[in-house]
């Protein structure tokens, strides 16, 4: 085991898969000589050559389209969106072509789209979004959102080896701030399995990505017996883990940094209402960003995105219910 | 979002204890300027509140008539507590609700519409007037049905008296042990045969010690908030830090001459140049050399602060207050003198902003003006050191060395520093004090 950052864990997983399997290649904007906007592919062009670390033009539709074609032909492309916000430009190729290829023609599309997402750094409305819910409504895609370095590496390896198109959400705020023990060499975290990040009995916070860390900190600071369930995979959801925890504690807060309406939290809340109604001791609640664009201004951004105090307050309310 | 609605409401508007600075947790009502039935305009002062640090006027959040006063003058309540209610018209456009992070408030079972943001809606737990004792959640109904429990008999500890899953579980457990059924037949009270020994020590169990005086010759006063805050802080500090005090003697001759040379020029600029300013200057410079003294202990970590926020203890009639000079490392001796004078004046007038009395990284206290020569101060948490400047007194000392050795009259003082033995050891404390004393004996930090 080696302690490394979330960012280094992603690089590590990607590098190992490229060494292991020569059908794996990367494409994206400025990922070659420059090493990527966030330096995930730093040194990759030197090690693997420009044929496997392709600098793409400013055309996300072309990146996703080319990757889809390569995947159909048996390659395993890993696309980098410079910011997850820009996936909107590649949306059609992803949701209409890549996602539906297996359903229409029985053809596997083993590709990964890496999506640096999330706010908290005054990036404004075009560089701070959490677009996972856009893909939740597009059957045929798998969606991963790791919160730890360990999961970032293990899930990326699983994503690359998966025969389906996978959206891999990497929270930019976690890149250099989260650091934990990651196994060296082959490390696989199964897709579709949530993780109990902190066991507890009084209530459950179901979260993913950056919200996991808010929940853990809130639980620690409040000193209450709060369980934190890290979803890790958003599609397919680990319904068993969600329901097991909800049934045990009877009180659930679903938290994420993405906006609220029709988000992951809505799906989880609906699942619990349908399947665990008779075990609920309180209404299922959500803590999310407000349904507004992300502001540049730091105080406004803090007001829009869930903060530690919001998490603590939401937990306190639910505990007191 | 519903928070963007602009609507006119005629409803009870709560007046709450505001957050006054980041470190303030509670406030005491000094006086109600408006009584029940009186009209108040939006933003007009409705009451005065004192915290342990400052006095604040609380503006009415809306115009209207005061319908309820929920906290009487003299009472201390925590931030966020509803103090009073107005029956006023609040226009959505005048008082927009903040737009969220959205906490999805599912409508309470007997309550109003949900979907509002957390900062604008009092949480369900804050509306005790809503009786929820007969609302039962799905899990409570199911478990009660399974065990044939009459829920009327279960007392609820949840919001509005609601029976929680935990309440029902406790009731069932009690039922299982037979206690709930057996209790009514038991005698209500049985005198214990055990007679406790009379208390020998003075402690009454609350940490208080009763003096052996008769009530007729004593007078009791409830501690003021500031007195109580000081008491709590001092005891907590003693229990937290491993206090140790180191003392050095300093010859102020050089400082005295530098002060004499600059005093008139400074006075013309309205600056009162004190010994304290020179000590502050030397301390700030010494802190840069010994960063472990500009630090805090958090758990098993030592947190080093890059900036020096220098607390200056000011004695007021009602108690000690420690305003903080932010970024003292950027100030000259003149700047420090100005800052000290300004903070001391405003502290005496109780015009400090709450954030000006928190966030210090090191503290200097200066009770020497009353003639004391030695003290062992208590550390101002979470800092690791407090420096005490005592009276500068002219006394005979040995100066020079070898054949030039002589006894001279010099302005001398003791610098006493209490430090936290968890963070550092005596050698570091001594070196730090030595650094301050050397600088002062050379007349400043040149």
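Residue numbers (the numbering used here), protein chains in the order written: chain Y, 1 to 321; chain E, 322 to 767. All C-beta atoms in this analysis are idealised placements derived from N, C-alpha and C, irrespective of residue type, glycine included.
**Request:** Excluding the 5 residues preceding and the 5 following residue 608(E) in the sequence, name in chain order all residues of the same chain whose CB lies nearer than 7 Å to its CB.
**Result:** Exclusion of the five residues before and after residue 608(E) leaves 614, 615, 629, 683 as the residues of its chain whose Cβ lies within less than 7 Å of its Cβ.
**Request:** Work out the CA separation of residue 695(E) and residue 214(Y) for me, nearest whole Å.
**Result:** 48 Å
**Message:** Residues in the same chain with beta-carbon distance under 8 Å from residue 587(E), minus the five sequence neighbours each way, listed in chain order, please.
**Reply:** 593, 594, 655, 658
**Request:** Within its chain, find whatever has a CB closer than 6 Å to the CB of residue 6(Y); leave out the 5 residues flanking it on each side and keep chain order.
**Result:** 149, 152, 174, 175, 178
**Request:** May I have the straight-line CA-CA distance separating residue 156(Y) from residue 168(Y), to the nearest angstrom?
**Result:** 7 Å
**Item:** Sub-9 Å separation of residue 292(Y) and residue 284(Y) beta-carbons
**Value:** It is not a contact, given that the beta carbons lie outside the stated cut-off.
**Message:** Below 8 Å on the Cβ atoms is my contact criterion, and I expect residue 718(E) with residue 627(E) to pass it. Report the Cβ-Cβ distance as a whole number of Å.
**Reply:** At roughly 38 Å, the Cβ-Cβ gap does not stay under 8 Å, so residue 718(E) and residue 627(E) are not in contact.
**Rounded straight-line distance, which links the Cα of residue 64(Y) to that of residue 53(Y)** = 15 Å
**Request:** Go ahead and label residue 211(Y) buried or exposed: buried means 16 or more other beta carbons lie within 10 angstroms of its beta carbon, across all protein chains shown.
**Result:** buried
**Item:** Cross-chain neighbours of residue 132(Y) in chain E, by beta carbon under 8 Å
**Value:** Ordered by position in chain E, no residue passes the 8 Å Cβ test against residue 132(Y), which lies about 17 Å from the chain.
**Request:** Report, in whole angstroms, the separation of the C-beta atoms of residue 730(E) and residue 710(E), which I expect to be a contact under 8 Å.
**Result:** Contact between residue 730(E) and residue 710(E) fails: their C-beta atoms lie close to 20 Å from each other, not under 8 Å.
**Prompt:** Closer than 8 Å, Cβ to any Cβ of chain E: which residues of the segment 280-305 of chain Y, in chain order?
**Reply:** Cβ contacts with chain E come from 280, 281, 282, 283, 284, 285, 286, 287, 288, 289, 290, 291, 292, 303, 304, 305.
**Request:** Scan the segment 61-110 of chain Y and note each continuous beta strand (DSSP E) run of 3 residues or more that stays entirely inside, going in chain order.
**Result:** For the segment 61-110 of chain Y, whole beta strand (DSSP E) runs of length 3 or above, ordered along the chain, are 76-80.
**Request:** Mind listing the chain Y neighbours of residue 486(E)? Cutoff is C-beta to C-beta under 7 Å, in chain order.
**Result:** 250, 281
**Message:** Is it buried or exposed, residue 315(Y), if we count other Cβ atoms within 10 angstroms and call 16 or more buried?
**Reply:** Burial call: buried.
**Message:** Would residue 267(Y) pass as an interface residue toward chain E - the criterion being a Cβ-Cβ separation below 9 Å?
**Reply:** No, residue 267(Y) does not count as interfacial toward chain E.
**Neighbour list for residue 135(Y) in chain E, Cβ cutoff strictly below 9 Å** = Residues of chain E passing the Cβ test: none, with the nearest at roughly 21 Å.
**Item:** Neighbourhood of residue 209(Y) by C-beta distance below 6 Å, restricted to the same chain and skipping five residues each side
**Value:** 145, 147, 171
**Request:** Between the Cα of residue 219(Y) and those of 115(Y), 202(Y), 188(Y), spot the shortest distance and give me the residue it belongs to.
**Result:** If we check each option's Cα against that of residue 219(Y), 202(Y) comes out closest.
**Message:** To be precise: take each residue of the segment 460-475 of chain E, compare its Cβ to all Cβ atoms of chain C, and keep it if any distance is under 7 Å. Which residues remain?
**Reply:** No chain C appears in the structure shown, which is made up of the protein chains Y and E.
**Message:** Does residue 368(E) pass the burial test, meaning 16 or more other C-beta atoms within 10 Å, or should it be called exposed?
**Reply:** buried
**Prompt:** Any heavy atom of the ligand SAM closer than 8 Å to the CB of residue 289(Y)?
**Reply:** Absent from the structure shown: the ligand SAM. Ligands present: none.
**Asked** Is the shortest distance between the beta-carbon of residue 278(Y) and the beta-carbons of chain E less than 9 Å?
**Response** yes
**Request:** Just the chain Y side, please: which residues come within less than 8 Å of residue 479(E) by C-beta, in chain order?
**Result:** By Cβ distance, chain Y contributes 320, 321.
**Prompt:** Which partner residues of residue 699(E) appear in the DSSP bridge assignment?
**Reply:** Residue 699(E) is not bridged to any residue.
**Item:** CB contact flag (residue 546(E), residue 347(E), <9 Å)
**Value:** yes
**Request:** List in chain order: all unbroken beta strand (DSSP E) runs of 3+ residues lying wholly within the segment 346-372 of chain E.
**Result:** 347-353, 366-371
**Message:** At the 9 Å Cβ level, is residue 619(E) part of the contact set with chain Y, yes or no?
**Reply:** no
**Asked** DSSP puts residue 564(E) in a beta bridge; with which residues?
**Response** Answer by DSSP bridge pairing, in chain order: 741(E).
**Message:** Mapping the DSSP letters down to three states, classify residue 245(Y) as helix, strand or coil.
**Reply:** For residue 245(Y), the secondary structure class from DSSP, reduced to helix, strand or coil, is helix.
**Message:** So the candidates are 645(E), 706(E), 568(E); which of them puts its Cα closest to the Cα of residue 625(E)?
**Reply:** 706(E)
**Request:** Just list the beta strand (DSSP E) runs in the segment 126-194 of chain Y, keeping only unbroken ones of 3 residues or longer that don't cross its boundaries, in chain order.
**Result:** 142-144, 166-171, 179-182
**Message:** Is it buried or exposed, residue 457(E), if we count other Cβ atoms within 10 angstroms and call 16 or more buried?
**Reply:** buried
**Message:** Between the alpha carbons of residue 708(E) and residue 553(E), how many angstroms are there, rounded?
**Reply:** 21 Å
**Message:** Taking 9 Å as the threshold (C-beta atoms), are residue 111(Y) and residue 78(Y) in contact?
**Reply:** With contacts defined as CB atoms closer than 9 Å, residue 78(Y) and residue 111(Y) qualify as a contacting pair.
**Prompt:** Going straight from the alpha carbon of residue 503(E) to that of residue 267(Y), what length do you get?
**Reply:** Confidence at residue 503(E) is low in this model, with a pLDDT of 47, below 50, so its placement is unreliable and the value that follows should be read with caution. Taking the Cα positions, residue 503(E) is about 48 Å away from residue 267(Y).
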